[in-house]
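Accompanying notes for the structure given below.
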Amino acid sequence: SETHYHDFVIQARPVKRLCRTHNTITVNGQFPGPTLIIRNGDTLVIRTTNAARYNITLHWHGIRQLRNPWADGPEYVTQCPIQPGATYTYRFTVQNQEGTLWWHAHSRWLRATVYGALIILPRLGASYPFPTPNCEFPILLGEWWDRNPMDVLRLSQFTGAAPNVSDAYTINGQPGDLYRCSNRGTTVFPVSLGETVLLRVINSALNQELFFSVANHQLTVVGVDSSYIRPFTTNVIMVGPGQTTNVLLTANQAPGRYYMAARAYNTAQNAPFDNTTTTAILQYTTPFSRGTQPSRPILPVLPAYNDTNTAMGFTMRVKNPSQTRVPTQIDENLFFTVGLGLINCSRPSVRCQGPNNTRFAASMNNVSFVLPRTNSIMQAYYQGTPGVFTTDFPPVPPIQFDYTGNVSRGLWQPVKGTKVYKLKYGARVQIVLQDTSIVTTEDHPMHLHGYNFAVVGMGFGNFNAQRDTPRFNLFDPPLRNTIGTTPGGWVAIRFTANNPGVWLMHCHIDAHLGWGLAMSFLVENGVGPSQSVIPPPADLPRC
Ligand code: C2O
Numbered sequence: 026s027e028t029h030y031h032d033f034v035i036q037a038r039p040v041k042r043l044c045r046t047h048n049t050i051t052v053n054g055q056f057p058g059p060t061l062i063i064r065n066g067d068t069l070v071i072r073t074t075n076a077a078r079y080n081i082t083l084h085w086h087g088i089r090q091l092r093n094p095w096a097d098g099p100e101y102v103t104q105c106p107i108q109p110g111a112t113y114t115y116r117f118t119v120q121n122q123e124g125t126l127w128w129h130a131h132s133r134w135l136r137a138t139v140y141g142a143l144i145i146l147p148r149l150g151a152s153y154p155f156p157t158p159n160c161e162f163p164i165l166l167g168e169w170w171d172r173n174p175m176d177v178l179r180l181s182q183f184t185g186a187a188p189n190v191s192d193a194y195t196i197n198g199q200p201g202d203l204y205r206c207s208n209r210g211t212t213v214f215p216v217s218l219g220e221t222v223l224l225r226v227i228n229s230a231l232n233q234e235l236f237f238s239v240a241n242h243q244l245t246v247v248g249v250d251s252s253y254i255r256p257f258t259t260n261v262i263m264v265g266p267g268q269t270t271n272v273l274l275t276a277n278q279a280p281g282r283y284y285m286a287a288r289a290y291n292t293a294q295n296a297p298f299d300n301t302t303t304t305a306i307l308q309y310t311t312p313f314s315r316g317t318q319p320s321r322p323i324l325p326v327l328p329a330y331n332d333t334n335t336a337m338g339f340t341m342r343v344k345n346p347s348q349t350r351v352p353t354q355i356d357e358n359l360f361f362t363v364g365l366g367l368i369n370c371s372r373p374s375v376r377c378q379g380p381n382n383t384r385f386a387a388s389m390n391n392v393s394f395v396l397p398r399t400n401s402i403m404q405a406y407y408q409g410t411p412g413v414f415t416t417d418f419p420p421v422p423p424i425q426f427d428y429t430g431n432v433s434r435g436l437w438q439p440v441k442g443t444k445v446y447k448l449k450y451g452a453r454v455q456i457v458l459q460d461t462s463i464v465t466t467e468d469h470p471m472h473l474h475g476y477n478f479a480v481v482g483m484g485f486g487n488f489n490a491q492r493d494t495p496r497f498n499l500f501d502p503p504l505r506n507t508i509g510t511t512p513g514g515w516v517a518i519r520f521t522a523n524n525p526g527v528w529l530m531h532c533h534i535d536a537h538l539g540w541g542l543a544m545s546f547l548v549e550n551g552v553g554p555s556q557s558v559i560p561p562p563a564d565l566p567r568c
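The following block contains the structure:
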């Protein structure tokens, strides 16, 4: 195995999109940021220098960071941010993970432009569990704002209203032909007739789940997150923010140009959504005779924005290729409500521009997560500094309560707090994540740091333990780091708490994360150094 050294300089650079030039926060002047390609077992050393004017951290989304929370990155959870002018070196080894992951800023909305692909190939000499493709392309789906995304966030946090939706979706940073002033930058992927290519599709959008499709071509899904799956063929995939999906595509159509396109999947009936479409071009390089090349590429048919059946149907087809190692006995049986809420304001004010004189809030088990400001949770825990967090994240029994019906708002005035839930090393954990419908029912893509979990069940409506537990798939559930709660429904996951440290769990829709849709696990050390958090690096930033 190898060690890869990189220098990442966070810096503002002019980037032109949608007819205007914006001063954009980038890594090394690149937008999207550099693609990292490594092999299973390799070590990454990334010296990160903050030459911008915002505090920042970087997160290696989906990397397990075994016993090494210091390299995980969420600001104020595992580290204090890297301040302007400061440097911090992320150092970690990839252990038994292969597939497509990505990296992104984990401080406020900086990940809008600070992100890139992190590709983990099989070990040297090993191969994929499918025929080796002729070539590979990372496809980063993103969002672009005409304003500085940090200002969009700040305004919404000040007024309590929902933030503005983005002005464009992007593929590898480019909106594509259907947006104004964009066709010169449209990403083009060259293929030769008969070739098979591996598309590594990453949803790095801030706030949107996306459907993705390629005109006239079938997609064979072979992996999600950092796991291989049992291959299946489809016309369209749905990728939630934070998720990745690897698909094989064979260039077996009439030589020409075909659009690959992504558009929102958004079930929030009373939330705004953006129904424009981002495109890139799959271009056959085979020489074809004059007149046969279509003047315009063909657009694929994408499902409607509220097509839950297609989205759910896709997610439920994803299975592990063989029997999954999943806990069958459970030590911690947890039930977490996940949802948006509104905080009533006593009198109208500029800070209460949500519906009916409210502010938006979001919570898990009615706790709206607050980041500490004086220290990170992990540093405070390691050093025994009191007053930074509490360990009273409330377990909620899965009582018979209609979470998806017309829930009275008065019942859901979330409390604010930095509350963690303690797990003993090695605990076998089940979590049922139940969507609630205070404001709207939505698919919340829930991401757990430091772990891959098995997705053992999902369904619509209220979870019913007696009815639903016996139907769990404990045989070949997929292993993922991010999974959506069904809109107006639930999802059940299992994992063994064998990675000590503080690990954030949150909705990967940043608007919801900003409203507090998060919590943290504190996984205690086990016995001996091999089950304990390693000491922090000397350059770990202080607050
Ligand atoms: Cu990809 Cu906590 O995030």
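Using UniProt numbering, you'd call the opening residue of the sequence shown number 26 and step up by one each time. C-beta atoms are modelled at their ideal positions from N, C-alpha and C, and glycine is treated no differently.
In the DSSP secondary-structure assignment, W85 is bridged to W128. At a cut-off of 3 residues, the continuous stretches assigned as beta strand (DSSP E) that sit fully inside the stretch 422 to 499 are 440 to 442, 445 to 448, 453 to 460, 470 to 473, 478 to 485. Within the same chain, T82, L83, H84, W85, Q104, Y115, H131 come within 8 Å of G98 by CB-CB distance, once the 5 residues on both sides are set aside.
The set of residues with CB atoms less than 6 Å from any heavy atom of the ligand C2O reads, in chain order, H84, H86, P99, H129, H131, G267, H472, H474, L529, H531, H533. Taking the CA atoms as reference points, E357 sits about 19 Å from Q556. In this chain, the alpha helix (DSSP H) harbouring Y407 covers 402 to 408. Collapsing the DSSP output to three states places G110 in coil. Separation of the CB atoms of P562 and W127 is rounded to 23 Å, and the pair is thereby denied contact status at 8 Å. For L448, same chain residues with a beta-carbon under 8 Å away, outside a window of 5 residues either side, are E357, V454, A522, F546, L547, V548, E549 in chain order. Between E100 and P106 the beta-carbon gap is near 5 Å, inside 8 Å, which marks them as a contact. Residue environment analysis places I355 among the exposed positions, since fewer than 16 neighbouring C-beta atoms fall within 10 angstroms of its C-beta. Approximately 7 Å separates the beta-carbon atoms of T362 and N391; this is inside 8 Å, confirming the contact. Looking only at G338, M389, Y290, the smallest Cα-Cα distance to V421 is reached by M389. By DSSP's assignment, G167 forms a beta bridge with T195. Going by beta carbons, E123 and N65 fall inside the 8 Å limit. If you draw a straight line from the Cα of V247 to the Cα of L529, it is about 28 Å long. Residue nearest to V343 within the set P256, P554, L231 is P256 (criterion: CA-CA distance). Judged by DSSP in its simplified three-state form, R179 adopts helix.
In the DSSP annotation of this structure, F155 is not part of any alpha helix (DSSP H), being labelled neither H nor E. In the DSSP assignment, L146 falls within the unbroken beta strand (DSSP E) covering 140 to 146. When the beta-carbon positions are compared, I63 and V52 stay at least 8 Å from each other. Every alpha helix (DSSP H) of 4 residues or more that sits fully in the stretch 321 to 397 is shown, in chain order, as 333 to 342.
In the three-state reduction of the DSSP assignment, T510 falls in the coil class. Beta-bridge partners of R288 (DSSP): F236.
Under the DSSP assignment, L565 falls outside any beta strand (DSSP E); it carries neither an H nor an E label. Residues of the same chain with a CB within less than 8 Å of the CB of P59, apart from the 5 flanking positions on each side, are H31, F33, V52, N53, G141 in chain order. In the structure shown, the three-state DSSP call for H242 is coil. Counting along the chain, the unbroken alpha helix (DSSP H) around D535 starts and ends at 535 to 539. With 16 or more other Cβ atoms from the protein chains shown falling within 10 Å of its own Cβ, T125 counts as buried. F236 sits close to A287, with the two beta carbons spaced by under 8 Å. With a threshold of 16 other beta carbon atoms within 10 Å, Q408 falls short and is exposed.
Taking a 10 Å sphere around the C-beta of A543, we find 16 or more other C-beta atoms and assign the residue as buried. Comparing alpha-carbon positions, the option among F418, L307, V249, R384 lying closest to F339 turns out to be V249.
R225 sits close to E161, with the two beta carbons spaced by under 8 Å.
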